[in-house]
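If you read the protein sequences in the order shown, they are chains G and S. Start counting the first sequence at 1101; every next residue gets the next number (this note's numbering). Start counting the second sequence at 699; every next residue gets the next number (this note's numbering). Where is the CB? At the ideal position from N, CA and C, for every residue including glycine. Below is one structure, written out as structure tokens; the observations come after it.
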Amino acid sequence: MTIILNGITTEIPCQITIKEMLSLQEIDAKLAIVEINEKIINRNLWQETLLCKGDKVELMSLVGGG
Amino acid sequence: MENRINDEFIIGGRSFHSRFLLGTGKFGNKQVMREAIIASQTEIVTVALRRIDTQKNPENIVSFIPDGVVLMVNTSGAHNAKEAIRIAKIAREAGYGDWVKIEVINDAKYLLPDNEETLKATEALANDGFIVLPYFHPDLYFARSLVAAGAAAIMPLGSLIGSNQGLKMEMIITVIVEEITEVPIIVDAGIGSATDAARAMEIGADAVLANTAVAIAENPVMMARSLALAVSAGRMGFLAKGGRTSMMRAQASSPLDGLLNG
């Protein structure tokens, strides 16, 4: 199925959780901020939250800035 | 001697020892950034929020920031109040606290802040319980509006972001320092040297925020310490009320009587 990941249409397996998606994308879960359809998902829920077709997923993190 | 007990620096009800705030951008590597933070003894650092580049393997900046240092997320990248508010809320919901530096910029060449949108964001976020530090183009009436909107401190620009041009806005910042006493005034942007940092403090600013001057120095750790010492030195000069009398003639500092040839 496809989701919109940081603005880019991305193919991911069906029935995967946020945690699995981060792992597939090789992203360090400790630094990630995850927003789905403009709602921040608390990291405690990543293991149980399933992604749905067409979800708008934003993966963000803090970076250096002035 | 600096008397810290009588010279508290308070923002949002919290007391700090250091009057130097450090940005975390542009450092060559995160370990040097960490060492610069430690060397500066800063207690507040700024960070930005960005999309993760899934093609790269980003480092977790938070793990390089010493414990106890306040993280203040900036709203860089926001073109209007709505985008700034969104960034602040994302950071808070993600667990990074409620300190926010409002930065709303529409101008790519000069990176000057949009004061009107900055005010809207300040008001909305202050009403929502954030500790809001707006970065703005210095103007007295506008500074008053930010205070009325609930800003916890206000941050006039010294000169253009990243320019190391120093205190080009000195005259207006001096006026703001004289007139605005309700909240701290932190000079942000353009501070390029120890001289600039000390000068900002000597004219009565409550604190200084720097980033580029430290991050691009050949020795960022030493530069961080240099600016921190300059901030303390300038503050002490301000408190001591030294150097206020400017004269167009010399004033002897040794006695004029008892001269050997008299």
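Query	Result
Taking the continuous beta strand (DSSP E) assigned at A938 (chain S), which residues delimit it?	It is not in any beta strand (DSSP E) - A938 (chain S) instead sits in the alpha helix (DSSP H) that spans P918 to A938.
Please determine, among S:L831, S:R842, S:A850 and S:V885, the residue with the shortest C-alpha to C-alpha distance to G856 (chain S).	S:V885
Would you kindly work out how many angstroms separate the C-alpha atoms of I871 (chain S) and A851 (chain S), rounded to a whole number?	14 Å
Under 8 Å by Cβ, that's how I've got Y839 (chain S) and I800 (chain S) pegged, so tell me the actual separation to the nearest angstrom.	Contact flag wrong, Cβ pair sits at about 18 Å.
On the criterion of 16 or more Cβ atoms from any shown chain inside 10 Å, does R923 (chain S) qualify as buried, or is it exposed?	buried
By the 9 Å beta-carbon criterion, what residues does the stretch 1121 to 1133 of chain G contribute toward chain S?	Q1125, E1126, I1127, D1128, K1130, L1131, A1132 and I1133
So which residues of chain A does N1106 (chain G) contact, with C-beta pairs closer than 9 Å?	Of the chains in the structure shown, none is chain A; the protein chains are G and S.
On a Cα-Cα basis, can you pick out the residue from S:Q729, S:D751 and S:T773 that is closest to V745 (chain S)?	S:T773
Please state whether DSSP places N701 (chain S) in a helix, a strand or coil.	A caution first: N701 (chain S) carries a pLDDT of 46, below 50, which makes its placement in the model unreliable, though a value can still be read off. Reduced to three states, the DSSP call for N701 (chain S) is coil.
Who are S713 (chain S)'s beta bridge partners in DSSP?	S:I708
Does any CB atom of chain G fall closer than 8 Å to the CB of Y808 (chain S)?	no
Tell me the DSSP secondary structure of S1161 (chain G) in three-state form.	strand
Alpha carbon to alpha carbon, what distance is there between E741 (chain S) and R712 (chain S)?	11 Å
Using the Cα positions of N755 (chain S) and I1127 (chain G), report the straight-line distance between them to the nearest angstrom.	7 Å
Please give the ranges of any beta strand (DSSP E) in the stretch 738 to 823 of chain S, keeping only runs that are unbroken, at least 3 residues long and fully inside the region.	742 to 749, 768 to 772 and 797 to 800
Closer than 7 Å by C-beta to K818 (chain S): which residues in its own chain qualify, once you throw out the five before and the five after it? Chain order, please.	A779
Run down chain G in chain order and give the residues with a C-beta less than 7 Å from the C-beta of V929 (chain S).	Neighbours of V929 (chain S) on chain G: none; closest Cβ ~16 Å, over 7 Å.
Consider the Cβ of L1150 (chain G): report whether some Cβ of chain S lies at a distance smaller than 8 Å.	no
Among the residues of its own chain, which have a CB less than 8 Å from the CB of G827 (chain S), if the five just before and after it don't count?	D796
Using only the alpha-carbon positions, how far apart do E1158 (chain G) and S716 (chain S) sit?	36 Å
Do E900 (chain S) and G864 (chain S) come within 8 Å of each other at the CB atom, strictly closer than that value?	no
Using the beta-carbon count (16 or more within 10 Å), is S761 (chain S) buried or exposed?	exposed
Any beta-carbon of chain G closer than 8 Å to the one on A822 (chain S)?	no
Within the 8 Å Cβ cut-off, does M1101 (chain G) reach chain S?	no
Quick one: does L1145 (chain G) have its CB under 8 Å from some CB of chain S?	no
So the beta strand (DSSP E) I829 (chain S) belongs to, where does it begin and stop?	I829 to F834
Check whether the stretch 900 to 911 of chain S touches the stretch 878 to 892 of chain S, counting contact only when three or more Cβ pairs, one atom from each stretch, lie closer than 8 Å.	yes
Could you list which residues in chain S have their beta carbon closer than 8 Å to that of G1154 (chain G), in chain order?	Those do not exist, as G1154 (chain G) stays about 19 Å from chain S at its closest Cβ, beyond 8 Å.
T879 (chain S): buried (16+ other C-beta within 10 angstroms of its C-beta) or exposed?	exposed
Where does T1102 (chain G) land, buried or exposed, given buried means 16+ other C-beta within 10 angstroms?	exposed
Check the C-beta distance from F725 (chain S) over to G1164 (chain G) and give it rounded, since I have them as a contact under 8 Å.	6 Å
Looking only at its own chain, which residues have a Cβ that is under 7 Å from the Cβ of A847 (chain S), when we skip the five neighbours before and after it?	L817, T820, E821 and A824
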